[in-house]
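Everything below concerns the one structure shown next.
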Amino acid sequence: MPHMTSHGQTIAVIDFETTGMGPHMGARATEIAVVLVRDGAIVDQYQNLMYTGVWVPPFIEQLTGISNEMLRTAPPAETVMREVAAFTAGVPLVAHNASFDRTFWHAEMARAGMPADPAHEFACTVLLSRRLYPDAPDHKLGTLARHHHLPRDGRAHRAMSDAMVTAHLLLRMQEDLGERHPDLPAHTHRSHSLLCALQRTPKHQLQRCIERLCRAEA
Numbered sequence: 001m002p003h004m005t006s007h008g009q010t011i012a013v014i015d016f017e018t019t020g021m022g023p024h025m026g027a028r029a030t031e032i033a034v035v036l037v038r039d040g041a042i043v044d045q046y047q048n049l050m051y052t053g054v055w056v057p058p059f060i061e062q063l064t065g066i067s068n069e070m071l072r073t074a075p076p077a078e079t080v081m082r083e084v085a086a087f088t089a090g091v092p093l094v095a096h097n098a099s100f101d102r103t104f105w106h107a108e109m110a111r112a113g114m115p116a117d118p119a120h121e122f123a124c125t126v127l128l129s130r131r132l133y134p135d136a137p138d139h140k141l142g143t144l145a146r147h148h149h150l151p152r153d154g155r156a157h158r159a160m161s162d163a164m165v166t167a168h169l170l171l172r173m174q175e176d177l178g179e180r181h182p183d184l185p186a187h188t189h190r191s192h193s194l195l196c197a198l199q200r201t202p203k204h205q206l207q208r209c210i211e212r213l214c215r216a217e218a
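The numbers in full-length UniProt numbering rise by one with no breaks, and the one at position 191 of the sequence shown is 191.
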């Protein structure tokens, strides 16, 4: 799958469900979803449960609805991650609270024997929402979904439902950036590089960052 098409850049929004807080604590992924966004629209998606043999604690099962019994018939995690690697080849990534998903992404890809894809740089919608929506009550995904009236299908803490909400949040951010900064070319206000630049920029310097990008595109 190409990083760029004649129509614009593809961005992959991902979400993991897991057995715990981090691979360094022995946690493994139980489910992954990927939603592809391009040209202001959702264009494709992938979802699968993942079997690792690691026990799902009762409180995690209650939170996610993913049980040990469900996972016994799921495909091996290595198989799933190889499919995901092919689905996202050459495509940059977005996640809500990306520091969490990034650790599982790298750990599960390494376990699957997949080489690092240079395109797989993460942008974080938590960091971006703090800069773009300081009036939001907080920057949890559910709060932002209600704040922006984003659609949700399915239950929270399932990978596809959360990935889809995050994708709609990303689309809202891209739309708002275009409206707030009309001097930005369309391909720039929807670009992953802009997201990465903004998430590293202090709130009071956002306008200066946008102006630099506009000059660079001129």
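Ideal placement from N, C-alpha and C gives every residue a C-beta, glycine not left out.
All of these numbers come straight from a predicted model, not from anything done at the bench.
May I have the straight-line CA-CA distance separating residue i from residue j, to the nearest angstrom?
i: Pro202; j: Leu184; result: 20 angstroms
i: Val84; j: Pro23; result: 19 angstroms
i: Cys214; j: Arg38; result: 21 angstroms
i: Arg82; j: Ala112; result: 7 angstroms
i: Glu175; j: Leu128; result: 13 angstroms
i: Asn48; j: Pro115; result: 21 angstroms
i: residue 223; j: Asn97; result: Beyond the ends of the chain as shown, which are 1 and 218, falls residue 223; an answer cannot be given.
i: Leu141; j: Met109; result: 25 angstroms
i: Gly26; j: Gly20; result: 8 angstroms
i: Glu179; j: Asn68; result: 46 angstroms
Helix, strand or coil for residue i, going by three-state DSSP, please let me know.
i: Asp176; result: helix
i: Pro115; result: coil
i: Pro23; result: helix
i: Leu93; result: strand
i: Val13; result: strand
i: Thr201; result: coil
i: Ala216; result: helix
i: Ala163; result: helix
i: Ala110; result: helix
i: Ala123; result: strand
i: Gly8; result: strand
i: Val56; result: coil
i: Gly142; result: helix
Measure the Cβ-Cβ separation of residue i and residue j and say whether it is below 8 angstroms.
i: Val80; j: Val13; result: no
i: Leu63; j: His139; result: no
i: Val56; j: Leu71; result: yes
i: His148; j: Arg130; result: no
i: Glu17; j: Ala186; result: no
i: Thr88; j: Thr125; result: no
i: Ala33; j: Asp15; result: yes
i: Ala86; j: Thr52; result: no
i: His181; j: Ala123; result: no
i: His168; j: Leu177; result: no
Strictly by DSSP, which residues pair up with residue i?
i: Ile42; result: Val37
i: Arg47; result: Checking the displayed sequence, the identity of residue 47 turns out to be Gln instead of Arg. For Gln47, which the question treats as bridged, DSSP gives the partners Ala33.
i: Ala76; result: The displayed chain sequence assigns Pro, not Ala, to residue 76. Bridge partners of Pro76: Tyr51.
i: Thr18; result: Ala29
Assign residue i to buried or exposed, taking buried as 16 or more other Cβ atoms, counted over all protein chains shown, within 10 Å of its Cβ.
i: Phe59; result: exposed
i: Met50; result: buried
i: Thr5; result: With a pLDDT of 47 at Thr5, under the threshold of 50, the modelled position of this residue cannot be trusted, and the question is left open.
i: Val43; result: exposed
At least one CB of chain D closer than 8 angstroms to the CB of residue i: is that the case?
i: Met81; result: No chain D is present in this structure, which holds just one protein chain.
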